[in-house]
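Under the working numbering, think of the first position of the sequence shown as 1, with each following residue one higher. Accompanying notes for the structure given below.
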Amino acid sequence: GRVRAAYNASFNAVLGKYKKGVMFFIHHRWMVWTSLAATVVLLVYLMSTTKTGLVPQEDQGVIMVNVSTSPGSTLEETTKVMNKLEDILKNTPEIEHYSKVAGYGLMSGQGTSYGTIIIRLKDWGERKGSEHTSDAVVARLNAQFYGVKEAQIFSFQPGMIPGYGMGNSLELNLQDRTGGDMATFYEAVIQFLGALNQRPEVAMAYTSYAMNFPQVSVDVDAAKCKRAGISPGAVLDALGSYCGGAYISNYNQFGKVYRVMMQASPEYRLDEQALGNMFVRNGTEMAPVSQFVTLNKVLGPETANRFNLYSAIAANVNPAEGYSSGEVQKVIAEVAEQTLPLGYGYEYGGMAREEANTGGAQTVFI
């Protein structure tokens with residue numbers, strides 16, 4: 001009885017206040033329409049001024065450094081450059097500890113001319129103030145790294161969502177949809193990135209792709225091969241087996257299966273003269289590979305990349321301070337329309353791709 005009476009009294013009191021409020025707005029309709037109009041205007045204003053981004057970048061306490069020395073540099077030369085960077089890192093008070101790896105780049109992958117440094121910053125409680133945030137540390141390190149002329153070095157923060165790219169920059173895949181010459185395509189990409197770097201919305205646009213890696217071109221004399229009764233493919237197979245290795249078969253021992261690989265010992269494949277010690281079967285005899293091939297020193301890309309079936313060059317674009325990734329995507333589209341020749345295009349990768357696919361899909365709730 002008492003509980004029911006108390007509940008009914010409370011419910012009737014709330015209902016009475018609700019009725020008074022409804023009657024008030026019925027008699028003052030101008031206030032309702034004014035509030036609705038003000039809400040719509042405020043919503044439109046916020047939608048047009050709020051920075052767009054899939055996931056806001058936060059201070060995770062981790063910074064990554066990508067090092068790219070001159071193409072063809074040895075592992076020893078890359079290590080010397082990374083040792084020079086230690087002086088900069090040791091004089092940065094926000095850094096707690098760091099680790100470095102020579103021979104692997106976060107942006108470029110495996111290679112003797114690449115290196116990686118992973119930095120752990122001090123606890124957030126020890127880095128109070130805007131001048132000690134990860135953004136501030138990254139900007140300060142990049143300014144100091146710019147003075148190291150032996151390599152292209154830049155630092156960045158890891159992505160907010162694991163698996164969606166290496167860092168907080170926009171991943172861009174420039175595509176040659178004409179199937180043309182890579183050197184011409186590379187020059188167009190460099191001009192495009194240079195135009196992006198002129199825009200205030202972009203802090204840095206860069207690529208680790210290079211066209212001047214020292215390489216050796218192997219030319220097989222098909223006429224000599226035909227006269228000797230050897231196919232050019234057999235010559236290349238023999239050369240690949242000696243220098244790169246070839247799988248022969250398996251054998252069992254001690255209850256395990258082992259692979260049999262054929263490959264010349266390193267000291268017998270150091271230079272061009274080693275071709276005289278590599279042989280290919282010519283009927284019942286063996287002929288030296290050097291009789292059928294010519295080696296030429298050339299420059300070219302270290303790897304051939306493709307993105308969605310097209311020849312591609314990967315690049316990264318960092319938004320400038322105060323600008324969002326959504327604003328930078330608009331700048332990229334504008335600059336691409338102005339500078340990229342006909343037949344060249346681009347596609348995003350990582351988190352930028354997800355943001356581009358969801359762009360414009362806005363739902364307004366009133």
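Heads up, the beta-carbon is just placed ideally off N, CA and C, and yes, glycines get one too.
| Limits of the unbroken alpha helix (DSSP H) element including LYS82 | Your numbering for residue 82 matches position 82 in the sequence shown. Here residue 82 turns out to be Met, not Lys, going by the sequence shown. For MET82, the enclosing alpha helix (DSSP H) begins and ends at 75 to 90.
| task | Give the range of the beta strand (DSSP E) segment to which HIS27 is assigned. | result | Counted from its first residue, the sequence shown places residue 27 at position 27. Counting along the chain, HIS27 falls outside any beta strand (DSSP E), though it belongs to the alpha helix (DSSP H) covering 2 to 27.
| task | Please report the residue range of the alpha helix (DSSP H) in which MET351 lies. | result | Position 351 of the sequence shown holds residue 351. Residues 350 to 358.
| query | Among the residues of its own chain, which have a CB less than 8 Å from the CB of MET211, if the five just before and after it don't count? | reply | On the sequence shown, position 211 is the one that residue 211 refers to. Within the same chain, MET211 has close Cβ partners MET182, ALA183, TYR186, LEU299, GLY300, PRO301.
| task | Just confirm the distance between the C-beta atoms of SER169 and ASN282, as a whole number of angstroms; I'd bet it's less than 8 Å. | result | If you number the sequence shown from 1, residue 169 lands on position 169. If you number the sequence shown from 1, residue 282 lands on position 282. The Cβ separation is near 55 Å, so there is no contact.
| query | What residues match up with VAL298 in a beta bridge as DSSP calls it? | reply | Taking the first residue of the sequence shown as position 1, residue 298 is located at position 298. Beta-bridge pairing links VAL298 to GLN215.
| task | At 4 residues or longer, and completely inside the segment 183 to 265: list those alpha helix (DSSP H) runs for me, N to C. | result | Runs found: 222 to 228, 232 to 243.
| What does ASP176 pair with, by DSSP beta-bridge criteria? | Counting from 1 along the sequence shown, the entry for residue 176 is found at position 176. ASP176 is bridged to SER311, TYR344.
| said: Classify ALA5: buried if its beta carbon has 16 or more other beta carbons within 10 angstroms, exposed otherwise. | reply: The residue you call residue 5 lines up with position 5 of the sequence shown. By the beta-carbon neighbour count (other beta carbons within 10 angstroms, threshold 16), ALA5 is exposed.
| task | Could you tell me whether the segment 84 to 96 touches the segment 129 to 146, using the rule of 3 or more Cβ pairs below 8 Å? | result | In short, these stretches touch, since the Cβ pair count reaches three.
| query | Hey, how far is the Cα of MET278 from the Cα of ARG306? | reply | Working through the sequence shown from its first residue, we reach residue 278 at position 278. Working through the sequence shown from its first residue, we reach residue 306 at position 306. When the Cα atoms are used, MET278 and ARG306 turn out to be separated by approximately 34 Å.
| query | Should the segment 230 to 244 be regarded as contacting the segment 343 to 361, the criterion being three or more beta carbon pairs within less than 8 Å? | reply | No, because fewer than three Cβ pairs between the segment 230 to 244 and the segment 343 to 361 fall closer than 8 Å, the two stretches do not touch.
| request: Taking 7 Å as the cut-off, decide whether the C-beta atoms of PHE156 and MET64 are in contact. | output: Locating residue 156 in the sequence shown gives position 156, where the first residue counts as 1. Locating residue 64 in the sequence shown gives position 64, where the first residue counts as 1. One thing to note: PHE156 has its Cβ within 7 Å of the Cβ of MET64.
| message | For GLU337, report the span of its alpha helix (DSSP H) as first-last. | response | In the sequence shown, the residue the question calls residue 337 occupies position 337. Counting along the chain, GLU337 sits inside the alpha helix (DSSP H) bounded by residues 325 to 339.
| query | Counting along the chain, where does the beta strand (DSSP E) carrying ASN282 start and finish? | reply | Here the question's residue 282 lines up with position 282 in the sequence shown. For ASN282, the enclosing beta strand (DSSP E) begins and ends at 279 to 282.
| With a Cβ-Cβ cutoff of 7 Å, do ILE313 and VAL189 count as a contact? | As a working mapping, residue 313 is identified with position 313 in the sequence shown. As a working mapping, residue 189 is identified with position 189 in the sequence shown. With contacts defined as CB atoms closer than 7 Å, ILE313 and VAL189 qualify as a contacting pair.
| task | Can you tell me the Cβ-Cβ gap for VAL280 and ILE230, rounded? I've got them flagged as a contact below 8 Å. | result | In the sequence shown, counting from the first residue as 1, residue 280 sits at position 280. In the sequence shown, counting from the first residue as 1, residue 230 sits at position 230. Contact flag correct, Cβ pair sits at about 6 Å.
| request: May I ask you to list the residues that DSSP assigns as paired with MET286? | output: As a working mapping, residue 286 is identified with position 286 in the sequence shown. According to DSSP, which records beta bridges pairwise, MET286 is partnered with ARG281.
| Inter-residue spacing [alpha-carbon to alpha-carbon] between VAL328 and LEU174 | Residue 328 sits at position 328 when you count from the first residue of the sequence shown. Residue 174 sits at position 174 when you count from the first residue of the sequence shown. C-alpha separation (whole angstroms): 16 Å.
| query | In or out: ALA287 buried (at least 16 other Cβ within 10 Å) or exposed? | reply | On the sequence shown, residue 287 is found 287 positions in, with the first residue counted as 1. So ALA287 counts as buried.
| Just how far apart, CA to CA, sit GLY21 and VAL41? | Within the sequence shown, numbered from 1, the residue matching residue 21 stands at position 21. Within the sequence shown, numbered from 1, the residue matching residue 41 stands at position 41. Cα to Cα, GLY21 sits roughly 25 Å from VAL41.
| task | Return the first residue and the last residue of the alpha helix (DSSP H) that ASN142 is part of. | result | Against the sequence shown, residue 142 aligns to sequence position 142. Per DSSP, ASN142 belongs to the alpha helix (DSSP H) from 134 to 145.
| Roughly how many angstroms lie between the CA atoms of LEU43 and LYS84, to the nearest whole one? | Along the sequence shown, one-based indexing puts residue 43 at 43. Along the sequence shown, one-based indexing puts residue 84 at 84. So the alpha carbons of these two residues sit roughly 52 Å apart.
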